């Protein structure tokens, strides 16, 4: 076999799409290069637990090369893919201080999505999103830091502003964040402060739509709303955000009446758009992107006219499929299957069929809503299902064990083990605001000098 | 008792000195304000395990206010103390966007030490120290990042530069770092890379002195040296660092001959100097600082002419005591005892007597050296003692449990659970280099705007 060149598959991204595409090709006669902007695989469904001090970054973001260590046909490279030459079948990637190109026979693009501010990128500095470990650590620093600042504040109006937390977007991530901040304020922090009472913190969950967890259906949406009220979360629906600044947020309600909420800590879980690579790839290949910047693909997840290029996961626009882990995993497996069939000389072009395995969201400890097929679970039963599914999907034995331990500490006890705030968060925030950087990519690129 | 003003003790710092001073006053009829620059208590002896991916920040840096939650006579405030008015008995502290003053009847200054570059502050950007969680995360990013960059590098000379790690300073921290990087290269990372062999990494441990762990005595020093050689660490003694730049380090040997080592990753564990607050306090109170910027105190840890001001721990200059945890803990307890005696009307001024409980350093898993009284332990026995002592002193039950679990993963297995590298490290580094900031204090202050 020496010297024989095997079919070369390049995968872009180390999220659910990229990782599962690589794994699904473990027995295929191919050489795989996985290129990603981070060195870790992010288990995004638990990111809110990093942002609220329950889990450590390592537990939800193990090193990609550690996960793929035993799969000898994969190499993992750190790089931010900036361009794809669809004719020459090569892509260009940048890493700190260096640029490199990689050639492919088949390409699987699973570059994911970034937070979308619907054209108001200036909101980002004041209301970070929840898409990366950096986002989660930034929010963790802001949330715990806000209580610290309130304890110092002598002006009651300013103190109230520090004690007001606004979450924009009442999908799963927003509901989970609001619920966890309420548990922080009511269970973890009381007793730790002498001047303020953390239980008086105000937590607002806003959405322009008229329901929380709208995609879960009326029954679960109503139950989630009731549980949020029990936790002390104020839910304001039909509210559109029109402005975000350092000390507050500007809204208009459904009658176009303006409102302002004074608050220092804002977080954005309201929308996503495809990674910038998507638009560049679409332009190069002569295909469309949808309104959310996702690449329009053929039914088999390839680009029109380019059967060797697959786009999967959050960056893929197909049949209005949602940007959830299961779509990424299943479309990645579909792409891997198509590549394998082609190598075997079997007919390809089979359409991707998504099997909805259901969705779930935790609202607080011991309480979650879950929708699986026709089954609707809520409360403790929903939470048990949540626990089982997340343990099953968390990568690696040791991460499961330590996560269970931290859950035990947080759910049975009242503590949060992972709440260390570092100066790096302060520095990064200052750098971001000063440079008006809203995309981490630009920063990675700006770093070239080192 | 209502309305009666109790004796007010202000403690500066949340390290071993600050925390143990507060705890020692738990039954005293005083109101305590602890002011610190970070919101956590750092268990510094295990910091190198954060830098090398074994432990998470939360495990070695629990929130100070969580530790002191049940001690109702303490309040904890976030603030960087910038000045002390020794006549007016008040101090001024800064927090992001705010400045506040606190009055005291007794003051315990336990502000600790920062890394010292012996006048060459420009080294800091290229060779971070090991004094804070930020330092450890920065080094973690650089160490794991160096292997990533080597995997990308096509020029063999540049790749070798990424695969060369230099630790300056062969005291406990330097020896522990060098040993852990060797274990990373030889146990954790092999198999994860496809182009480089992590086992070919070169790890250099440098010191200007002529022994490693000089303070441990000849027998243990020799044993430590032998174990480091077994691990593949090159130890170069009698080497003075005269220059540090992005791609290498300049040295002169004991015959004044110049040498250069090409290396991207450098870390500094060579010396410390008292926190800047020390010099300001000494000036205000009219006392001296020693060559390392530590405040010269009376035998009872007070300042001459100011029996109400104590300086303890790493910032204290007394009898050439070393900057170790036990000195900080014992001097803090002494200061607390003196305050209690004064309040009871008992005579004060008793000199502080340090009881040396010994010292220890891990070199690799299952191997440590320990010097306790006349006892000298090395190898597995030394390591068992290390394990027992560190479990005993780690703060909090849950931190003990998760640390043991992570040690199990790393020592019995080969993994490192906590190796997530974030963009924040990239941003912080760029910001530090661009602004030529060598003291975190300046950054905290510069942040005022938010």
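Residue numbers (the UniProt record's numbering), protein chains in the order written: chain A, 1 to 450; chain B, 1 to 450.
Idealized CB from N, CA, C, for every residue including glycine.
Please read all numbers here as calculations on a predicted model, not as lab measurements.
query, result
"Got a sec, what are the start and stop residues for the beta strand (DSSP E) residue 359(B) sits in?", "359-364"
"Going by beta carbon distance, what residues of the same chain come within less than 6 Å of residue 92(B), once the five residues before and after it are set aside?", "82, 83 and 101"
"Taking residue 200(A) as the query, report the chain B residues whose CB atoms sit under 7 Å from its CB, ordered along the chain.", "Chain B residues near residue 200(A): none, gap ~17 Å exceeds 7 Å."
"Under DSSP, the alpha helix (DSSP H) around residue 223(B) begins and ends at which residues?", "218-231"
"Using a Cβ-Cβ cut-off of 6 Å (strictly less than) and excluding sequence neighbours within five positions of residue 1(B), which residues of its own chain qualify?", "Bear in mind that a pLDDT of 46 at residue 1(B), under 50, signals an unreliable position, so the model cannot answer this."
"Any C-beta of chain B sitting closer than 9 Å to the C-beta of residue 369(A)?", "no"
"For residue 322(A), which residues in chain B fall below 7 Å Cβ to Cβ?", "Ordered by position in chain B, no residue passes the 7 Å Cβ test against residue 322(A), which lies about 27 Å from the chain."
"Rounded to a whole number of angstroms, what is the C-alpha to C-alpha distance between residue 117(A) and residue 38(A)?", "23 Å"
"Starting from the N-terminal side, write out each stretch of the alpha helix (DSSP H) that is 4 residues or longer and does not extend beyond the stretch 130-170 of chain B.", "133-152 and 156-162"
"What residues in its chain sit with their C-beta under 6 Å from that of residue 428(A), if we drop five residues either side in the sequence?", "In this prediction, residue 428(A) has a pLDDT of 48, which is less than 50 and means its spatial position is unreliable; what the coordinates show is noted afterwards. The answer is none, since no qualifying residue turns up."
"Contact defined as beta carbons within less than 8 Å: I believe residue 184(A) pairs with residue 261(A). What is the distance between those atoms, to the nearest angstrom?", "With 8 Å as the limit, residue 184(A) and residue 261(A) do not qualify as a contact, their Cβ atoms being about 19 Å apart."
"In the structure shown, what three-state DSSP assignment does residue 189(B) receive?", "coil"
"From the beta carbon of residue 160(A), is the nearest beta carbon of chain B less than 9 Å away?", "no"
"Can you give me, in chain order, the residues of the stretch 46-58 of chain B that have a beta carbon less than 7 Å from any beta carbon in chain A?", "56, 57 and 58"
"State whether the stretch 10-30 of chain B contacts the stretch 63-79 of chain B, with contact taken as three or more CB pairs (one from each stretch) at a distance under 8 Å.", "yes"
"Would you kindly work out how many angstroms separate the C-alpha atoms of residue 312(A) and residue 247(A), rounded to a whole number?", "39 Å"
"According to the Cβ coordinates, are residue 149(A) and residue 267(A) closer than 9 Å?", "no"
"Check whether the Cβ atoms of residue 231(B) and residue 378(B) sit closer than 9 Å, and answer yes or no.", "no"
"To the nearest angstrom, how far is the alpha carbon of residue 197(B) from that of residue 252(B)?", "31 Å"
"Return the chain-ordered ranges of every alpha helix (DSSP H) run that is complete within the stretch 52-135 of chain B and spans a minimum of 4 residues.", "57-60 and 64-67"
"In whole angstroms, what separates the C-alpha of residue 332(B) from that of residue 99(A)?", "53 Å"
"Could you give the distance in angstroms between the alpha-carbon of residue 45(B) and the alpha-carbon of residue 169(B)?", "16 Å"
"Mind listing the chain B neighbours of residue 78(A)? Cutoff is C-beta to C-beta under 7 Å, in chain order.", "148 and 152"
"Under 8 Å, with one C-beta from each stretch per pair, do the stretch 349-356 of chain B and the stretch 321-330 of chain B reach the 3-pair mark?", "yes"
"Between the stretch 216-236 of chain B and the stretch 153-160 of chain B, do at least 3 Cβ pairs fall closer than 8 Å?", "no"
"Consult DSSP for residue 344(B) and reduce its assignment to one of helix, strand or coil.", "helix"
"Measure how close the beta-carbons of residue 318(A) and residue 352(A) come, nearest whole angstrom, since I'm counting them as under 8 Å.", "7 Å"
"When the Cα atoms are used, what is the spatial distance from residue 271(A) to residue 134(B)?", "32 Å"
"For residue 187(A), would you say it is in contact with chain B, using Cβ-to-Cβ distances shorter than 9 Å as the test?", "no"
"Closer than 9 Å, CB to CB, is residue 7(B) near chain A or not?", "no"
"Given that residue 192(B) touches chain A, what residues does it touch there, using C-beta distances under 7 Å?", "65, 66 and 69"
"In chain A, which residues lie less than 8 Å from residue 61(B) when you measure between Cβ atoms?", "420"
"Is there at least one Cβ from chain A nearer than 9 Å to residue 347(B)'s Cβ?", "no"
"Applying the criterion that 16 or more other CB atoms from any shown protein chain within 10 Å of the CB defines a buried residue, is residue 257(A) buried or exposed?", "exposed"
"Within the continuous beta strand (DSSP E) that includes residue 262(B), where are the two ends?", "258-262"
"State buried or exposed for residue 219(B), treating a residue as buried only when at least 16 other CB atoms are found within 10 Å of its CB.", "exposed"
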